[in-house]
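The structure under discussion appears below in the form of C-alpha coordinates.
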(Lines of atoms letter the chains of each structure in order from A; the text may use other names.)
(Lines give C-alpha, C1' and ligand atoms only; values in the text may rest on other atoms or scores of the structure.)
Protein backbone atom coordinates (compact mmCIF):
# COMPACT_ATOMS: atom_id res chain seq x y z
CA UNK A 538 0.00 0.00 0.00
CA UNK A 539 2.85 2.40 0.78
CA UNK A 540 3.96 2.32 -2.85
CA UNK A 541 0.49 3.41 -3.91
CA UNK A 542 0.47 6.28 -1.40
CA UNK A 543 3.74 7.81 -2.60
CA UNK A 544 2.84 11.32 -1.51
CA UNK A 545 1.82 10.40 2.03
CA UNK A 546 4.31 11.77 4.60
CA UNK A 547 4.85 8.26 6.06
CA UNK A 548 5.20 6.44 2.72
CA UNK A 549 8.99 6.11 2.86
CA UNK A 550 8.94 4.90 6.47
CA UNK A 551 6.27 2.32 5.60
CA UNK A 552 8.29 1.07 2.63
CA UNK A 553 11.43 0.75 4.74
CA UNK A 554 9.64 -1.10 7.56
CA UNK A 555 7.95 -3.43 5.06
CA UNK A 556 11.30 -4.22 3.45
CA UNK A 557 12.81 -4.89 6.90
CA UNK A 558 10.08 -7.40 7.72
CA UNK A 559 10.31 -9.10 4.32
CA UNK A 560 14.09 -9.47 4.38
CA UNK A 561 14.12 -10.85 7.91
CA UNK A 562 11.19 -13.23 7.43
CA UNK A 563 13.14 -15.68 5.27
CA UNK A 564 16.77 -14.85 6.09
CA UNK A 565 19.39 -17.58 6.63
CA UNK A 566 22.44 -17.52 8.92
CA UNK A 567 24.57 -16.79 5.84
CA UNK A 568 22.48 -13.67 5.16
CA UNK A 569 23.19 -12.29 8.65
CA UNK A 570 26.85 -11.63 7.78
CA UNK A 571 26.48 -11.16 4.01
CA UNK A 572 27.90 -8.19 2.13
CA UNK A 573 25.56 -8.91 -0.80
CA UNK A 574 23.63 -5.78 -1.72
CA UNK A 575 19.86 -5.93 -1.56
CA UNK A 576 18.02 -2.78 -2.56
CA UNK A 577 21.33 -0.93 -2.35
CA UNK A 578 22.29 -1.97 1.20
CA UNK A 579 24.38 -4.91 2.45
CA UNK A 580 22.26 -7.71 3.87
CA UNK A 581 24.24 -7.66 7.12
CA UNK A 582 22.86 -4.17 7.75
CA UNK A 583 19.28 -5.35 7.19
CA UNK A 584 19.10 -8.84 8.69
CA UNK A 585 18.77 -9.18 12.45
CA UNK A 586 18.67 -12.98 12.58
CA UNK A 587 17.97 -16.17 10.67
CA UNK A 588 14.46 -17.54 10.34
CA UNK A 589 15.09 -20.34 7.83
CA UNK A 590 17.63 -23.15 7.75
CA UNK A 591 20.49 -23.15 5.20
CA UNK A 592 18.44 -25.47 2.96
CA UNK A 593 15.56 -22.91 2.98
CA UNK A 594 13.22 -25.05 5.04
CA UNK A 595 11.77 -23.59 8.21
CA UNK A 596 10.56 -24.90 11.50
CA UNK A 597 7.19 -23.99 12.92
CA UNK A 598 5.16 -25.84 15.58
CA UNK A 599 8.34 -27.81 16.35
CA UNK A 600 8.99 -29.36 12.94
CA UNK A 601 9.76 -28.58 9.29
CA UNK A 602 6.50 -27.05 8.07
CA UNK A 603 5.93 -26.61 4.31
CA UNK A 604 2.76 -24.57 4.91
CA UNK A 605 4.81 -21.81 6.54
CA UNK A 606 7.40 -22.03 3.79
CA UNK A 607 4.55 -21.37 1.35
CA UNK A 608 3.73 -18.22 3.30
CA UNK A 609 6.57 -16.58 1.40
CA UNK A 610 3.75 -15.71 -0.98
CA UNK A 611 2.54 -13.11 1.52
CA UNK A 612 5.51 -10.89 0.67
CA UNK A 613 5.74 -11.87 -3.02
CA UNK A 614 2.09 -10.92 -3.47
CA UNK A 615 2.97 -7.30 -2.66
CA UNK A 616 4.68 -7.15 -6.07
CA UNK A 617 1.19 -6.66 -7.53
CA UNK A 618 0.82 -3.33 -5.70
CA UNK A 619 4.20 -2.14 -7.00
CA UNK A 620 3.19 -3.10 -10.54
CA UNK A 621 -0.13 -1.25 -10.21
CA UNK A 622 1.70 1.78 -8.83
CA UNK A 623 4.10 1.64 -11.78
CA UNK A 624 6.94 1.51 -9.26
CA UNK A 625 10.01 -0.76 -9.39
CA UNK A 626 9.56 -3.88 -7.27
CA UNK A 627 12.07 -3.83 -4.39
CA UNK A 628 14.36 -6.84 -4.19
CA UNK A 629 13.10 -7.39 -0.62
CA UNK A 630 9.73 -8.49 -2.06
CA UNK A 631 11.24 -11.69 -3.44
CA UNK A 632 14.17 -12.11 -1.05
CA UNK A 633 14.96 -15.85 -0.76
CA UNK A 634 11.60 -16.67 -2.34
CA UNK A 635 13.20 -18.52 -5.27
CA UNK A 636 15.02 -21.16 -3.21
CA UNK A 637 12.00 -21.58 -0.94
CA UNK A 638 9.68 -22.23 -3.89
CA UNK A 639 12.26 -24.62 -5.35
CA UNK A 640 12.37 -26.51 -2.02
CA UNK A 641 8.56 -26.68 -2.03
CA UNK A 642 8.69 -28.12 -5.55
CA UNK A 643 10.98 -30.84 -4.16
CA UNK A 644 8.32 -31.61 -1.51
CA UNK A 645 5.43 -31.65 -4.01
CA UNK A 646 3.77 -35.05 -4.32
CA UNK A 647 2.20 -36.33 -7.57
CA UNK A 648 -1.31 -35.79 -6.15
CA UNK A 649 -0.72 -32.03 -5.70
CA UNK A 650 -0.20 -32.17 -1.94
CA UNK A 651 3.03 -31.36 -0.14
CA UNK A 652 5.12 -33.94 1.67
CA UNK A 653 5.35 -33.26 5.40
CA UNK A 654 8.56 -35.06 6.40
CA UNK A 655 7.78 -34.80 10.14
CA UNK A 656 3.99 -34.96 9.89
CA UNK A 657 1.62 -32.03 10.25
CA UNK A 658 -0.64 -30.46 12.82
CA UNK A 659 -3.02 -29.40 10.06
CA UNK A 660 -5.15 -31.46 7.72
CA UNK A 661 -2.95 -33.96 5.89
CA UNK A 662 -3.26 -33.62 2.15
CA UNK A 663 -3.53 -29.83 2.01
CA UNK A 664 -3.57 -28.72 -1.59
CA UNK A 665 -3.52 -24.94 -1.39
CA UNK A 666 -0.10 -24.31 0.12
CA UNK A 667 1.84 -24.95 -3.07
CA UNK A 668 -0.71 -23.03 -5.15
CA UNK A 669 -0.33 -20.17 -2.69
CA UNK A 670 3.44 -20.13 -3.17
CA UNK A 671 3.12 -20.22 -6.95
CA UNK A 672 2.60 -16.48 -7.28
CA UNK A 673 6.38 -16.38 -7.69
CA UNK A 674 6.07 -18.82 -10.60
CA UNK A 675 4.30 -16.10 -12.55
CA UNK A 676 6.71 -13.37 -11.53
CA UNK A 677 9.76 -15.54 -12.37
CA UNK A 678 8.55 -18.50 -14.42
CA UNK A 679 10.66 -21.54 -15.12
CA UNK A 680 9.49 -24.67 -16.94
CA UNK A 681 9.59 -26.68 -13.69
CA UNK A 682 7.60 -24.08 -11.73
CA UNK A 683 4.94 -23.84 -14.41
CA UNK A 684 4.74 -27.65 -14.67
CA UNK A 685 4.33 -28.02 -10.89
CA UNK A 686 1.65 -25.33 -10.81
CA UNK A 687 -0.25 -26.97 -13.67
CA UNK A 688 0.06 -30.35 -11.93
CA UNK A 689 -1.65 -28.89 -8.85
CA UNK A 690 -4.37 -27.21 -10.87
CA UNK A 691 -5.02 -30.47 -12.73
CA UNK A 692 -5.36 -32.27 -9.42
CA UNK A 693 -7.88 -29.65 -8.24
CA UNK A 694 -9.91 -30.12 -11.40
CA UNK A 695 -9.81 -33.92 -11.15
CA UNK A 696 -10.78 -33.93 -7.47
CA UNK A 697 -13.66 -31.50 -7.98
CA UNK A 698 -14.94 -33.54 -10.93
CA UNK A 699 -14.63 -36.89 -9.16
CA UNK A 700 -15.94 -35.70 -5.79
CA UNK A 701 -18.31 -32.78 -6.32
CA UNK A 702 -19.59 -32.91 -2.74
CA UNK A 703 -16.12 -32.65 -1.20
CA UNK A 704 -15.78 -29.68 1.14
CA UNK A 705 -13.62 -27.05 -0.51
CA UNK A 706 -12.08 -25.26 2.45
CA UNK A 707 -11.49 -25.19 6.15
CA UNK A 708 -12.61 -28.68 7.04
CA UNK A 709 -10.00 -29.63 9.63
CA UNK A 710 -9.79 -33.37 10.03
CA UNK A 711 -10.95 -34.27 6.53
CA UNK A 712 -8.47 -36.34 4.50
CA UNK A 713 -8.36 -33.71 1.76
CA UNK A 714 -8.57 -29.94 2.12
CA UNK A 715 -8.49 -28.11 -1.18
CA UNK A 716 -7.97 -24.76 0.56
CA UNK A 717 -9.75 -23.05 -2.29
CA UNK A 718 -10.48 -19.93 -0.27
CA UNK A 719 -6.89 -19.59 0.90
CA UNK A 720 -4.69 -20.97 -1.84
CA UNK A 721 -6.61 -19.79 -4.87
CA UNK A 722 -8.40 -16.60 -3.90
CA UNK A 723 -5.49 -15.18 -1.90
CA UNK A 724 -3.33 -15.31 -4.99
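In the working numbering, the protein residues as written are 538 to 724. Even for Gly, the Cβ is constructed at its ideal location relative to N, Cα and C. Note that the structure is predicted; figures quoted are calculated from it, not measured.
| query | For residue 586, is the classification buried or exposed, using 16 other Cβ atoms within 10 angstroms of its Cβ as the cut-off for buried? | reply | That one is exposed.
| task | Run through the region 636–660 for me and flag every whole alpha helix (DSSP H) of 4 or more residues, listed as ranges in chain order. | result | Correct list: empty.
| said: Just to confirm, is the Cβ distance from residue 666 to residue 652 under 7 angstroms? | reply: If you check the CB distance, residue 666 and residue 652 do not come in under 7 angstroms.
| request: Can you give me the Cβ contacts of residue 580 inside the same chain, cut-off strictly under 6 angstroms, excluding the 5 residues immediately before and after it? | output: Taken in chain order, the residues that qualify are 568, 571, 573.
| query | Going by beta carbon distance, what residues of the same chain come within less than 6 angstroms of residue 720, once the five residues before and after it are set aside? | reply | Low confidence applies to residue 720: its pLDDT is 43, below 50, so where it sits in the model is not reliable, and the reading given next is rough at best. Cβ neighbours of residue 720 beyond the five flanking positions: 665, 668, 669.
| Given residue 584 as reference, the closest of 562, 679, 596, 542 once Cα atoms are compared | The option with the nearest alpha carbon to residue 584 is 562.
| Where the alpha helix (DSSP H) through residue 688 begins and ends | Run containing residue 688: 680–699, per the alpha helix (DSSP H) assignment.
| task | Please confirm if residue 651 has its CB atom under 7 angstroms from at least one CB of chain D. | result | As a matter of chain content, chain D is missing from the structure shown, which is built from one protein chain.
| Exposure of residue 594, with buried meaning 16 or more beta-carbon neighbours within 10 Å | It counts as buried.
| said: Excluding the 5 residues flanking residue 627 on each side, which residues of the same chain have their C-beta closer than 7 angstroms to its C-beta? | reply: Cβ neighbours of residue 627 beyond the five flanking positions: 556, 576.
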